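Position 67, counted from 1, in the sequence shown is what this note's numbering calls 199; the numbers after and before it change by one each time, with no gaps. Please read the structure below before turning to the comments.
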Amino acid sequence: GTRRGMAIAIALWSLAACFHAAARSVLAFILARVALGLAESAAYLAISSATLTGNHARDGGAVRMQIGSLGQVTIRDNVATRDGGGVVATDSLAVSTTTISGNTAGGRGGGLLAAGGAVNLSGSTVSGNQAATGGALFLDNARVELVFVTVAGNTGTGSAMAFSNPTSGSNLRGSLLAG
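Printed below as a string of structure tokens:
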């Protein structure tokens, strides 16, 4: 799925770039630019079977993505001076069998900050993270689904898990929420 989608997106972007170079009129130029923009927006980051540890950034201590997935990943001991000590996702994120622990954010979301879109966590653990607000998770205008997820031992001055502008459709099944 993901590899095929990226291959298609790269092929479409490459074709659009060729048409962009060959544009001989304003209309052809505009159409080529629109095609470039559409193909470029298909960028999808998938990380699997990896350990991301000891990183520092302004936002997203270990990783910052628009749309992506994390599978069998350990995200540990990362620092963001602002938001998302472990992860920042600015659209949709799917997380499975992943551990997010020991991360720190100076602002929101010690483990994970999601801004918009949908966040689906399954079979994962979010523990020992800290932030000013939302020690474990900070969800801003995002829908969340937690399925068999453990959220425990996180600290935040405002709260361990925080929502800003929550959207309907959030779902918790078989999950432990203990800070």
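Virtual Cβ for every residue (Gly too), placed ideally from N, Cα, C. None of the values given here were measured: they were computed from a predicted structure.
Point to revise | Rounded separation between residue 153 and residue 144 - CA only | key: 14 Å
**Study point:** 6 Å CB neighbourhood of residue 186 in its chain, flanking five on each side removed
**Key:** 209
Check your understanding: Who are residue 181's beta bridge partners in DSSP?
Key -> Residue 181 pairs with nothing; no bridge assigned.
Check your understanding: Within the chosen definition, does the segment 177-194 reach the segment 155-169 through at least 3 CB pairs nearer than 8 Å?
Key -> no
Point to revise | Check whether residue 195 and residue 219 have beta carbons under 8 Å apart | key: yes
Practice item. Taking 8 Å as the cut-off, decide whether the C-beta atoms of residue 240 and residue 270 are in contact. Key: yes
Practice item. Could you name the residues that DSSP lists as bridge partners for residue 188? Key: Looking at the DSSP assignment, residue 188 forms a beta bridge with 211.
Check your understanding: Out of 206, 142, 198, which has the shortest C-alpha to C-alpha gap to residue 234?
Key -> 206
Point to revise | Which listed residue (303, 224, 255) has its alpha carbon closest to that of residue 200 | key: 224
Exercise for review: State yes or no: is the C-beta of residue 189 within less than 8 Å of the C-beta of residue 212?
Suggested key: yes
Review point. Can you give the Cα-Cα distance for residue 217 and residue 307, rounded to whole angstroms?
Key: 22 Å
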